[in-house]
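Participant: So the protein lines, in turn, are chains A and B.
Throughout the first sequence, residue numbering follows the numbering used here, covering 49 to 234 in sequence.
Throughout the second sequence, residue numbering follows the numbering used here, covering -13 to 212 in sequence.
No residue lacks a Cβ here, since even glycine has one placed at the ideal position from N, Cα and C.
Questions regarding the structure given below will be posed in turn.
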Amino acid sequence: MNAVTSLFKRGSRAKFEKIITPHLEPMYRVAFRYTKNASDAEDLVQEFVLSLYQKKIDLFEIKELRPWLMRGLYNKFVDNFRQSKRDPLHQHDELELTAVADIRQGPMNELSREELQKQLLLALQQVNEDQRILLMLHDVEGYTLTELTEILDVPIGTLKSRLHRGRAQLRRILNREPFAPDLRVV
Amino acid sequence: MKCLTAQRQIEDYLDQLLDRATIELLLEHFANCQACTQLYEQEQELRQALRNLPFEQPQAGFQQRILNGLHPGSDSSPLLSYAAGFISAAIIGVAIWISVGMNNFDSNLPNRFAADVAAVHFDVNRPRQVRLVFNVPEEVQTASLKMVFPTGFGVEGLESERILEWDTALSKGENHLVLPMVARQIGEGELVATITYGGAQKSFRVNLKSNSDSDMSQIDGASLTG
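What follows is the structure, encoded as structure tokens:
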């Protein structure tokens, strides 16, 4: 490798680092929601960023970089799980279902914040993975449906119905479908 | 609006997907229906609880680890990794050490080469490896480096570029940047290396000299003045 090539390569890497760095923590945040733990989230971001770098993708050429990155990150997440034969879109985690059932009684405002968070986290583990991802991105992280059509590559109508089903499933798990039985109007 | 209709609209209302007329009907229903109002408040609580779900911050050094990971097999700083690409020619090297404090560059960190050491000598058209060692007391996520070369000197293959600059991260301790420099004419001048981060900036000046028939047994050093 001669000096000229090296310098251009160095400049290219510097450029890559400069443009990717502001997106690292937002990507980590979303990755954490996907993977549910910090270590796997960092690994996911690392793998994704490295794959972009190795493919020599010119990020300056991408107009809407943040959603483009988030879409790639999501695809990487799905690919990883498919490769490990654990398809996240159809995975039903039975873990701690009993625990959810045990703490589901009572209005939410009567629960302590810690109890409420635990209840929700356990409940979210029971929601279908594609719905959980959508709930995490929309209701937890605040991405709009328009943004999510780009990130998840799913039509907005499908997202709406998926979101509705996900919330309904969440409420059922929390024994709140449709809301508390004593309040239900049929 | 009937209760069943109102309940079906609650999600869309919270998602801000309803038109104004529907919102007015819904709010009017809430004003007259305690049960639906309570359902609405419960759904609000659920949304609020979701927004407040715990989040675990990445461990310290997250960004640096990601960027370092672009060069598998190396735990070194990006600068050091950049340098690896330059070690291609059998050229005699010289090291320039630069220590930088974090607090407006006024720390008492040792300068490995204090003032009044000899200049870096070159034979015209004979490249040599100049290693800049940036010594920082703690990790820096983003630092800007700028190199301004004197007339007649430059990086081999890019001698026409009087100024080179780029952003990089700096690891705690020594960060090596190796430049294959060359002189294309007899003369001397100053190489000015400027490092900027955290709103502070400091420049270091290195004397460069070139001769047509240099004595390469001479021990080179660098003059650093902040």
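What three-state label does DSSP hand R213 (chain A) in the structure shown?
Facilitator: helix
Participant: Can you grab the Cα-Cα spacing for the pair L32 (chain B) / L0 (chain B), in whole Å?
Facilitator: 11 Å
Participant: Are the C-beta atoms of Q187 (chain B) and some chain A residue less than 9 Å apart?
Facilitator: no
Participant: What separation, rounded to the nearest whole angstrom, lies between the Cα atoms of L72 (chain A) and Q(-5) (chain B)?
Facilitator: 37 Å
Participant: By the 10 Å Cβ neighbour count, where 16 or more other Cβ atoms means buried, how is L(-10) (chain B) classified, buried or exposed?
Facilitator: Under this definition L(-10) (chain B) is an exposed residue.
Participant: Using 9 Å as the threshold, is the C-beta distance between G140 (chain B) and S146 (chain B) below it?
Facilitator: yes
Participant: Would D127 (chain A) be called buried (16 or more neighbouring beta carbons within 10 Å of its own) or exposed?
Facilitator: exposed
Participant: Quick one: any contact between the stretch 96 to 105 of chain A and the stretch 117 to 124 of chain A, if contact means 3 or more CB pairs under 8 Å?
Facilitator: yes
Participant: For D201 (chain A), return the contacting residues in chain B, with the cut-off set at a CB-CB distance below 7 Å.
Facilitator: Near D201 (chain A) there are no residues of chain B at all, since even the closest Cβ is about 20 Å away, more than 7 Å.
Participant: Give a yes or no on whether the C-beta atoms belonging to L53 (chain B) and E65 (chain A) are separated by under 9 Å.
Facilitator: Taking 9 Å as the Cβ cut-off, L53 (chain B) and E65 (chain A) qualify as a contacting pair.
Participant: Rounding to the nearest angstrom, what Cα-Cα distance links E14 (chain B) and Y82 (chain A) in this structure?
Facilitator: 39 Å
Participant: So Q127 (chain B) packs on Q49 (chain B), CB below 8 Å; how close in whole Å?
Facilitator: 6 Å
Participant: Check each candidate in B:I181, B:R117, B:N121 and name the one with the smallest Cα separation from M167 (chain B).
Facilitator: B:R117
Participant: Report buried or exposed for G214 (chain A), applying the criterion of at least 16 other Cβ atoms within 10 angstroms of its Cβ.
Facilitator: buried
Participant: Just the C-alpha distance for E163 (chain A) and T69 (chain A), rounded to the nearest angstrom, thanks.
Facilitator: 36 Å
Participant: So is Q43 (chain B) buried or exposed if we call it buried at 16+ other beta carbons inside 10 Å?
Facilitator: exposed
Participant: Between L53 (chain B) and chain A, is there a C-beta pair that is closer than 9 Å?
Facilitator: yes
Participant: Buried or exposed: where does A129 (chain B) fall if 16 or more other Cβ atoms within 10 Å of its Cβ makes it buried?
Facilitator: buried
Participant: List the endpoints of the continuous alpha helix (DSSP H) containing A86 (chain A).
Facilitator: Residue range 86 to 102 is occupied by the alpha helix (DSSP H) that includes A86 (chain A).
Participant: Can you tell me whether V175 (chain A) is helix, strand or coil according to DSSP?
Facilitator: coil
Participant: Does DSSP classify A(-8) (chain B) as helix, strand or coil?
Facilitator: helix
Participant: Which of the three DSSP states is assigned to K208 (chain A) in this structure?
Facilitator: The answer is helix: DSSP assigns K208 (chain A) an H, G or I state.
Participant: Looking only at its own chain, which residues have a Cβ that is under 8 Å from the Cβ of T146 (chain A), when we skip the five neighbours before and after it?
Facilitator: Residue confidence for T146 (chain A) is low, a pLDDT of 36 falling below 50, so the modelled location carries little weight and cannot support an answer.
Participant: Is DSSP giving S201 (chain A) helix, strand or coil here?
Facilitator: Per the sequence shown, the amino acid found at residue 201 (chain A) is Asp instead of Ser. In the three-state scheme derived from DSSP, where H, G and I count as helix and E and B as strand, D201 (chain A) is classed as coil.
Participant: Among B:E10, B:N121, B:F41, which residue has its Cα nearest to the Cα of D166 (chain A)?
Facilitator: Sequence check: residue 166 (chain A) is Lys here, not Asp. When only C-alpha atoms are compared, the closest one is B:F41.
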